[in-house]
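Trainee: Protein chains in written order, with our numbering: chain A, 1 to 587; chain B, 588 to 829.
1. Tell me, please, whether the CB atom of residue 646(B) is closer than 8 Å to any CB atom in chain A?
2. Using a cut-off of 7 Å between C-beta atoms, extract the partners of residue 804(B) located in chain A.
3. Using the Cα positions of residue 559(A) and residue 463(A), report the straight-line distance between them to the nearest angstrom.
4. Examine chain B for any beta-carbon lying closer than 8 Å to the beta-carbon of residue 586(A), and answer yes or no.
5. In this structure, does DSSP put residue 253(A) in helix, strand or coil?
6. Mapping the DSSP letters down to three states, classify residue 710(B) as helix, strand or coil.
7. Using CA coordinates, which residue listed in 72(A), 241(A), 262(A), 243(A) is at the minimum distance from residue 622(B)?
8. Can you tell me the Cα-Cα spacing of residue 196(A) and residue 355(A), whole angstroms?
9. So residue 46(A) packs on residue 245(A), CB below 8 Å; how close in whole Å?
10. Below 8 Å on the Cβ atoms is my contact criterion, and I expect residue 214(A) with residue 192(A) to pass it. Report the Cβ-Cβ distance as a whole number of Å.
11. To which residues does DSSP link residue 74(A) through a beta bridge?
12. Of the choices 216(A), 184(A), 160(A), 379(A), whose alpha-carbon is the least far from that of residue 149(A)?
13. Candidates 43(A), 455(A), 267(A), 373(A): which alpha carbon is nearest residue 25(A)'s?
14. Once DSSP output is grouped into helix, strand and coil, what is the label at residue 648(B)?
15. In this structure, how does DSSP classify residue 813(B) when only helix, strand and coil are distinguished?
16. Just to confirm, is the Cβ distance from residue 376(A) to residue 472(A) under 8 Å?
17. Quick check on the burial criterion: 16 or more other C-beta atoms within 10 angstroms. Buried or exposed for residue 743(B)?
18. If we call anything under 8 Å between Cβ atoms a contact, is residue 550(A) one with residue 520(A)?
19. Counting only Cβ pairs nearer than 7 Å, list the residues of chain C close to residue 711(B).
20. Taking the beta strand (DSSP E) that residue 502(A) belongs to, which residues open and close that run?
21. Along chain B, which residues have their Cβ under 7 Å away from the Cβ of residue 47(A)?
22. Can you tell me whether residue 820(B) is buried or exposed, with buried defined as 16 or more other CB within 10 angstroms of its CB?
23. Counting only beta-carbon atoms, is residue 600(B) nearer than 8 Å to chain A?
24. Determine the chain B residues that contact residue 224(A) at a beta-carbon separation under 8 Å, and present them in chain order.
25. For a contact defined as C-beta to C-beta under 8 Å, what are the partners of residue 470(A) on chain B?
26. Is the CB of residue 696(B) under 8 Å away from at least one CB in chain A?
27. Tell me the start and end of each unbroken beta strand (DSSP E) in the stretch 424–455 of chain A that is at least 3 residues and wholly inside, in chain order.
28. Given a threshold of 16 other Cβ atoms within 10 Å of its Cβ, counted over all protein chains shown, does residue 159(A) qualify as buried or as exposed?
29. How close, in whole Å, do the beta carbons of residue 385(A) and residue 555(A) come, if the pair is a contact with beta carbons under 8 Å?
30. In the DSSP assignment, the beta strand (DSSP E) including residue 270(A) goes from what residue to what residue?
31. Note down, in chain order, all residues in the stretch 506–519 of chain A with a beta-carbon under 7 Å from any beta-carbon belonging to chain B.
32. Report buried or exposed for residue 300(A), applying the criterion of at least 16 other Cβ atoms within 10 angstroms of its Cβ.
33. With distance defined between alpha-carbon atoms, name the residue in 762(B), 710(B), 737(B) nearest to residue 658(B).
34. Take the Cβ of residue 39(A) as the centre, count every other Cβ of all protein chains shown within 10 Å, and call the residue buried at 16 or more, exposed below.
35. What is the residue span of the beta strand (DSSP E) that residue 415(A) lies within?
36. Within a Cβ cutoff of 6 Å, which residues of the same chain sit near residue 119(A), ignoring the five residues on either side of it in sequence?
As structure tokens, this is what we get:
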């Protein structure tokens, strides 16, 4: 039976899908979203108290993408044989309605104004040498911080972010982040209450002349009703945010901020357990006619649509472009082509401070609870002579200290046996973790393409990831780690242990889910896959929403910027595209 | 690629889709078209599975169980600091995990072949249950050659040396990657020791008592700003204090 055409099909229904569906249906468009997982809601899927189950959710991946069906292949460099990532580790994409928005921490950041002009800014300040020009492939965004500010603001208020502004319309505010771009107004909620460890960090950092402030958190410091009229409850600091669903509706997710308003709308339909096979194009490849999909009975279908928006996890967005034949695949030897170009990530490290006399109870936490300094992020400090560009934030975060995952032990502790057990027993409640969260620039040989060998269970090629950290990342991360240790030593503990990120990128240990790039935003179709409105240069009725848009990764968590770009896209579709379908930017 | 099996799969094309559906969607999955409502299902809560309470082991053979018991007793020994892995019930935890969907690799990509790969490429083995079955037999063959007897028959300090040889990848287990197997065994031991007791380990929440973790406490607000004070209440599990 042929399906009736809709105005917009969404491929994937996490944060970006929900944002787009809400904005586009409010403007009167008919929207149909495909989600390959099932419906998810707190009472059914992560109710209290069993949402606080570390084994099931974290270690058995209950809410994550199941790689049994689709995964990526991975290698560090183009001369290696890529092999499938057979289990999740380094990053943890979501699955099901809400996507990663169900199990994220709620860390909501804005990129610095200079992050949007990373190439021209660094060239101007440090000269061409620092860019290592033939290998580093960073680019400017075709949008500015100032243009995105209203959309950042919209996401902050949708999510009820708890925080303290550091820059209100250019006026620096005590207690906030003095390095951030100007905000049009303060956060909708005050900061979370601060636990002991982060408060010790904040005091030491301030004494050293740095500028500590509370981490902006989509965890509610008080009950909140967002602009759509959806209510969230005050966070109880149970310490099960990251990798878990919140059974208390205290963490922003599509479920707790958008879906109660969106789902009843007559011009919205959601199809669960339906996997989009690819975007279908007209014979000349210049126009999308809709998507083909398969449901759980193996029934193939075709859904016609006027606009197709890829709104899955960024790796799947890039794969859909390549499988569908939209755009030219990137070739790392020549630097030509755009789809798959500038895959990037995050580089993280940590420091542990151990005490004999202070009980810090690190299990009291919330996903984005902590004290941070931004003095060493982006270009907030002079990089002259340092041999790298970029930076990151660092700080003491209490996301919760689940006991299978969290074993802060002093240096030279054995990894098993009586000494290991003794060290955990002695230190678990007397430690403060400091994390560093660094940018990763884009490089010529870090990219995505379709694997020539390995397939998913539907017979489609897996995404092949070729990625490694370079000298720029290692130097930058070591610099951040040393600064973290300096603050750690000022916190008055018995011992400070540095856990630097050394060697090649390893896909097994968890680091962050901040995979970026591969279908990047830009001003020129020769060097970017999508324009400033996330519109494909090659097929103008296809849009791509996600962190795939980042030309390189900044030193912040991606969701705030992903959301801002997505709102910016939705507004352009409503304001311009619907009236005059076609390219919104002339190439 | 050395094996023809993957290549054959590639040529199956669209016909393979129907057989792939069982992989793609969980048993209870039903594709839905949802509109004009906010779905919620009564009595359909996705609770964790109940532990199989039958006595003894389900997956592990007697010889395999003897190895697991001996090995985990060295990984987390019993002493005055707190319970050992045996006292916490870790062998039963591992047995039940291997007998269930985790052991079968329900969240692992298991398309063959299985070349070893680089150290940075992660897990390149079959499902956990198969790994344990093959590896335990291989460890005993290796231990018999290296030390003259099976692992369980070695004294404690020799067992520690043998485990160290596995950990360092210095034990030759043939097809089995010794280092990867050790990492798996240690990870599962730590899981059983610290997971909620509903999974068969962490008996009486002994590990949580030992370190001061309060378990599934819903509301920690009263303690956020009580700097330096020990958390006063005993731990609770997902099924309460029992």
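Note that beta-carbon positions come from the ideal geometry of N, C-alpha and C, so glycine has one too.
Mentor: A quick look at the data gives this:
1. no
2. 238
3. 22 Å
4. no
5. coil
6. coil
7. 262(A)
8. 12 Å
9. 3 Å
10. 7 Å
11. 83(A), 465(A)
12. 184(A)
13. 267(A)
14. coil
15. coil
16. no
17. exposed
18. yes
19. Absent here is chain C; the protein component of the structure consists of chains A and B.
20. It is not in any beta strand (DSSP E) - residue 502(A) carries neither H nor E in the DSSP assignment.
21. 632
22. exposed
23. At residue 600(B) the pLDDT is 41, less than 50, meaning the model places this residue with poor confidence; the figure from the coordinates comes in the next sentence. By this cut-off, residue 600(B) is an interface position.
24. Those do not exist, as residue 224(A) stays about 16 Å from chain B at its closest Cβ, beyond 8 Å.
25. Near residue 470(A) there are no residues of chain B at all, since even the closest Cβ is about 15 Å away, more than 8 Å.
26. yes
27. 431–438, 447–455
28. buried
29. No, residue 385(A) and residue 555(A) are not in contact; Cβ-Cβ is about 20 Å, not under 8 Å.
30. 268–271
31. 506, 507, 508
32. exposed
33. 737(B)
34. buried
35. That residue, residue 415(A), is in no beta strand (DSSP E); it is neither H nor E in DSSP.
36. 138, 139, 140
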